[in-house]
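Asker:
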Amino acid sequence: MLFAEIARTSAAVAATSSRRAKIDLIAACLGTAEADEAEAAVAYLAGMLRQRQIGVGWASLREIPAPAGTASLTVAEVDALLETVGGTSGPGSKARRAALLGDLFARATAQEQDYLRGLLTGEVRQGALAGIAADAIGKAAGIPVGEVRRALLLRGDLRVVGAVALTEGADGLAAFRLEVGRPLAPMLAQPATDLTDALAKVRVPVPALEWKLDGIRVQVHKSGDRIGVYTRSLDDVTARLPEIVEAVARFPVSEVVLDGEAIVLRPDRTPEPFGVTASRTGSRGDADTLRAELPVTVFFFDVLHVDGTDLLDEPAETRWAALRERVPERFLVPRTVTGSADEAAAFFESAIAAGHEGVVVKSPASPYDAGRRGAAWLKVKPRHTLDLVVLAVEWGHGRRRGRLSNLHLGARDPDGGWVMLGKTFKGLTDEMLAWQTERLLALATERGDWVVHVRPELVVEIAFDGVQHSTRYPGGMALRFARVLRYREDKPATEADTVDTVRAIYTAAHASAAADE
7 MLFAEIARTS AAVAATSSRR AKIDLIAACL GTAEADEAEA AVAYLAGMLR QRQIGVGWAS
67 LREIPAPAGT ASLTVAEVDA LLETVGGTSG PGSKARRAAL LGDLFARATA QEQDYLRGLL
127 TGEVRQGALA GIAADAIGKA AGIPVGEVRR ALLLRGDLRV VGAVALTEGA DGLAAFRLEV
187 GRPLAPMLAQ PATDLTDALA KVRVPVPALE WKLDGIRVQV HKSGDRIGVY TRSLDDVTAR
247 LPEIVEAVAR FPVSEVVLDG EAIVLRPDRT PEPFGVTASR TGSRGDADTL RAELPVTVFF
307 FDVLHVDGTD LLDEPAETRW AALRERVPER FLVPRTVTGS ADEAAAFFES AIAAGHEGVV
367 VKSPASPYDA GRRGAAWLKV KPRHTLDLVV LAVEWGHGRR RGRLSNLHLG ARDPDGGWVM
427 LGKTFKGLTD EMLAWQTERL LALATERGDW VVHVRPELVV EIAFDGVQHS TRYPGGMALR
487 FARVLRYRED KPATEADTVD TVRAIYTAAH ASAAADE
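Right, dumping it as structure tokens:
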């Protein structure tokens, strides 16, 4: 398979806004891949390298040879050469890597060179997010997309799942199982406008409510003496959090997969600000010293596997019963099950009074829908907040001169791309200004005298007072009184809130206003 087919397909995908058309284009291209190049083809069409990172960035690509006039590179050749580049190290490696990249780019056409740059720098802009790629894999392999998504959630690697689907079909995907020790994508909650909205949307007469802790999501795997702690992005942080390992080691269970939240508490059991927890869990310093200064407490709210039995497809109430049997109460997130709106409101207020974010309203009948947001879990906070992505930033003036200040905020479009919802410089401390200037300059794709455009990767949590109609922005909406609460480096951009969520808030507010008139 020629690499030119990948580059042409990506350009065609970028040129259309239709989700269905994107899926059809990617599926048609994947259908021509040979078995030995399927994994690389899936990776490239999803905008990534099969190797993830090979240590090549913009600095390595400043000087490249003139493009070739005819396409000759195959997908297998590109993949093999990039593998070699990534594995080159030691004295003289910089020159050898430069020579290898020079040979690769010399054989690439202009369109292929552009696409290679995007792959190597993480800037492929084609709107083919993982969900679209998964649908395309299903179509190319003739497999129901639900089976592809299920395998993807259990294996966690689009490239591997895509290659198996294309080469082994449904039987190959069916072999994927929850493996203790291999983290899987966590189930996610979608935001509700308020508690009344959440209770209505969850669609069960007697829902459960849990405190929403302002900590770091963790998934803990235990198999005998082996215990692993993983973040929501599936990073292994076991060595950083020995207090969690020690706690779980004492639980009366041999094999278990637990879902929960790690948080730093003050002596009075109220939570430290999120930044304190994030700093503690993200630090690579001496763990014993750090735990003495800022001990982490873990609270669990779900269990996915117990002693050889997978519980993903069991109702939540069954999983919770298993959780209570294996985990001491002091390690459980506070939960109540009630059909009373007054009791639900009192429980919500108790979470806020204890210093936490709010509550998550859950259906006791729901399975664990790993990696997905759905109406089975709805998060409620006492204020409107959204996780948005920084699209660009403006240089400050006055006392902020020399710092990047005014953020351009975007919501994720499920069909690909980003929808700008406004700007804000409010809520930024001097420390945050200094940090974001350095961080955003590292993400810059275009630096102007006034505006710096950046790769849409950095997630920021924004509080706002409402959503109003706007002719200024393409989505027809803008946030009112937007202000920065914190940066969410623990979240990838693919988990930012969607424009559909913003539109729902806008619609609900205007419907309420109309009813009051």
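The sequence shown runs 7 to 523 under this note's numbering.
Just so it is clear, CB atoms sit at the ideal spot from N, CA and C, and this is done for glycine as well.
Quantities reported herein were computed from a predicted structural model and do not represent experimental measurements.
1) Can Leu-126 and Leu-67 be called in contact, C-beta distance under 8 Å?
2) Taking the beta carbon of Ala-86 as the centre, do at least 16 other beta carbons fall within 10 Å, making it buried, or is it exposed?
3) Could you check if Gln-59 is buried or exposed, using at least 16 other CB atoms within 10 Å of its CB as the buried criterion?
4) In terms of residues, what are the limits of the beta strand (DSSP E) holding Pro-197?
5) Which runs of the alpha helix (DSSP H) at least 4 residues long sit entirely within the region 41 to 91? Give them in chain order.
6) Run the CB neighbour count on Ala-520, radius 10 Å, all protein chains shown included, and call it buried at 16 or more, exposed below.
7) Mind checking who Gln-225 pairs with in its DSSP beta bridge?
8) Going along the chain, which residues of its own chain have a beta-carbon closer than 8 Å to the beta-carbon of Val-212, five neighbours each way excluded?
9) Just grab the DSSP bridge partners of Ala-450 for me.
10) Alpha carbon to alpha carbon, how far is Tyr-512 from Leu-491?
11) Which value, in whole angstroms, describes the spacing of the CA atoms of Glu-153 and Gly-178?
12) Which value, in whole angstroms, describes the spacing of the CA atoms of Gln-57 and Thr-90?
13) Please name the residue or residues paired with Gln-474 in a DSSP beta bridge.
14) Look at the alpha carbon of Ala-382 and the alpha carbon of Glu-320, and state the distance between them as a whole number of angstroms.
15) Buried or exposed: Ala-352, going by 16 or more other Cβ atoms within 10 Å of its Cβ?
16) The beta strand (DSSP E) with Gly-428 in it runs from where to where?
17) Starting from the Cα of Ser-372, find the closest Cα among Gly-364, Asp-419, Glu-349, Thr-324 and give me that residue.
18) Rounding to the nearest angstrom, what Cα-Cα distance links Ala-612 and His-227 in this structure?
19) Ignore the nearest five residues each way along the sequence and tell me which others in Ser-476's own chain have a CB closer than 7 Å to its CB.
20) Please confirm whether Lys-368 and Ala-198 have their CB atoms less than 8 Å apart.
21) Between Val-235 and the rest of its own chain, which residues show a CB-CB distance below 7 Å, the 5 nearest in sequence each way excluded?
22) Out of Val-396, Thr-173, Ala-34, which one is the CA nearest neighbour of Ala-44?
23) Where do the ends of the alpha helix (DSSP H) carrying Tyr-121 lie?
24) Name, in chain order, the residues that DSSP records as bridge partners for Arg-492.
25) Given this structure, state the Cα-to-Cα distance separating Phe-307 from Ala-140, to the nearest angstrom.
26) Is Gly-454 near the ligand COA, going by C-beta to nearest heavy atom under 7 Å?
27) Which whole runs of the beta strand (DSSP E) in the region 382 to 436 are 3 residues long or more, in chain order?
28) Quick one: which unbroken alpha helix (DSSP H) runs of 4-plus residues sit fully inside the region 298 to 348? Chain order, please.
29) So if DSSP puts Ala-214 in a beta bridge, which residue, or which two residues, is it bridged to?
30) Is Thr-38 helix, strand or coil when you go by DSSP?
31) Relative to the C-alpha of Ala-146, which residue among Lys-28, Ala-104, Ala-181, Gly-96 is closest?
32) Can you tell me where the alpha helix (DSSP H) with Pro-248 in it begins and where it stops?
33) Quick one: what's got a C-beta closer than 8 Å to Ala-499's C-beta in the same chain, skipping five residues either side?
34) Check whether the region 67 to 83 and the region 188 to 204 touch, using three or more Cβ-Cβ pairs below 8 Å as the test.
35) Quick one, which of Glu-331, Asp-436, Ala-41 has its alpha-carbon nearest Arg-405's?
36) What's the gap between the Cα of Pro-97 and the Cα of Leu-449?
Answerer: This is what the structure holds:
1) One-based indexing of the sequence shown puts residue 126 at position 120. One-based indexing of the sequence shown puts residue 67 at position 61. Yes.
2) If you number the sequence shown from 1, residue 86 lands on position 80. Under this definition Ala-86 is an exposed residue.
3) To locate residue 59, count along the sequence shown from 1; it is residue 53. Its Cβ having fewer than 16 others within 10 Å, Gln-59 is exposed.
4) Here residue 197 refers to the residue found at position 191 of the sequence shown. Element bounds for Pro-197: 194 to 197.
5) 44 to 51
6) The residue you call residue 520 lines up with position 514 of the sequence shown. Summary for Ala-520: the model assigns pLDDT 46, below 50, so the residue's position carries little reliability; its value from the coordinates is reported in the next sentence. Exposed.
7) If you number the sequence shown from 1, residue 225 lands on position 219. Paired residues: Tyr-236, Asp-265.
8) Reading the sequence shown from its first residue, position 206 is the one you call residue 212. Excluding residues within five positions, the ones whose Cβ falls inside 8 Å are Val-343, Thr-344, Gly-345, Pro-370.
9) Working through the sequence shown from its first residue, we reach residue 450 at position 444. Paired residue(s): Val-460.
10) Taking the sequence shown and counting its residues from 1, one reaches residue 512 at position 506. Taking the sequence shown and counting its residues from 1, one reaches residue 491 at position 485. So the alpha carbons of these two residues sit roughly 21 Å apart.
11) Residue numbering aside, residue 153 sits at position 147 when the sequence shown is read from its first letter. Residue numbering aside, residue 178 sits at position 172 when the sequence shown is read from its first letter. Rounded to the nearest angstrom, the two C-alpha atoms are 11 Å apart.
12) By 1-based counting over the sequence shown, the position of residue 57 is 51. By 1-based counting over the sequence shown, the position of residue 90 is 84. Going from the Cα of Gln-57 to the Cα of Thr-90 covers about 11 Å.
13) Position 468 of the sequence shown, counted from the first residue, corresponds to residue 474. In the DSSP output, where bridge partners are listed per residue, Gln-474 has Ala-484.
14) By 1-based counting over the sequence shown, the position of residue 382 is 376. By 1-based counting over the sequence shown, the position of residue 320 is 314. Looking at the two C-alpha atoms, the distance is approximately 14 Å.
15) Mapped onto the sequence shown, residue 352 falls at position 346. With a 10 Å radius around the Cβ and a threshold of 16 neighbouring Cβ atoms, Ala-352 comes out exposed.
16) Stepping through the sequence shown from its first residue, residue 428 is reached at position 422. Unbroken beta strand (DSSP E) run through Gly-428: 424 to 430.
17) Within the sequence shown, the letter at position 366 stands for residue 372. Closest option to Ser-372, Cα to Cα, is Thr-324.
18) Residue numbering for the chain in the displayed model covers 7 to 523; residue 612 lies beyond these limits and cannot be assessed.
19) Translated into positions along the sequence shown, residue 476 becomes position 470. Once the five neighbours on either side are set aside, the close Cβ partners of Ser-476 are Gly-482, Met-483, Ala-484.
20) As a first step, residue 368 is located in the sequence shown; it is residue number 362 there, counting from the start. As a first step, residue 198 is located in the sequence shown; it is residue number 192 there, counting from the start. No, Cβ-Cβ distance for Lys-368 and Ala-198 is not below 8 Å.
21) Locating residue 235 in the sequence shown gives position 229, counting from the first residue. Excluding positions up to five away in sequence, the list reads Val-224, Val-226, Val-243, Thr-244, Leu-247, Ile-250, Val-251.
22) Taking the first residue of the sequence shown as 1, we reach residue 44 at position 38. Of the candidates Val-396, Thr-173, Ala-34, the one whose C-alpha sits nearest the C-alpha of Ala-44 is Thr-173.
23) Within the sequence shown, the letter at position 115 stands for residue 121. Taken as a continuous stretch (DSSP letters only), the alpha helix (DSSP H) holding Tyr-121 covers 116 to 127.
24) In the sequence shown, counting from the first residue as 1, residue 492 sits at position 486. Its beta-bridge partners are Glu-467.
25) Within the sequence shown, numbered from 1, the residue matching residue 307 stands at position 301. Within the sequence shown, numbered from 1, the residue matching residue 140 stands at position 134. Each residue's Cα considered, the two are about 29 Å apart.
26) As far as ligands go, the structure on display features none, and thus does not contain the ligand COA.
27) 390 to 401, 410 to 418, 424 to 430
28) The region 298 to 348 is shown to contain whole alpha helix (DSSP H) runs of 4 or more residues at 322 to 332, in chain order.
29) By 1-based counting over the sequence shown, the position of residue 214 is 208. Paired residue(s): Val-343, Lys-368.
30) Position 32 of the sequence shown holds residue 38. Residue state, collapsed to three classes: coil.
31) The residue labelled residue 146 in the question sits at position 140 within the sequence shown. Looking at Lys-28, Ala-104, Ala-181, Gly-96, the one whose alpha-carbon comes closest to that of Ala-146 is Lys-28.
32) Start at 1 with the first residue of the sequence shown, and residue 248 comes out as number 242. Pro-248 -> alpha helix (DSSP H) spans 248 to 255.
33) Within the sequence shown, residue 499 is the residue found at index 493, counting from 1. Within the same chain, Ala-499 has close Cβ partners Val-395, Arg-418, Pro-462, Glu-463, Leu-464, Val-465.
34) With fewer than three CB-CB distances shorter than 8 Å, the region 67 to 83 does not count as touching the region 188 to 204.
35) For this step, residue 405 is matched to residue 399 along the sequence shown. Ranking the options by Cα distance to Arg-405, first place goes to Asp-436.
36) Translated into positions along the sequence shown, residue 97 becomes position 91. Translated into positions along the sequence shown, residue 449 becomes position 443. Rounded to whole angstroms, Pro-97 to Leu-449 spans 29 Å at the Cα level.
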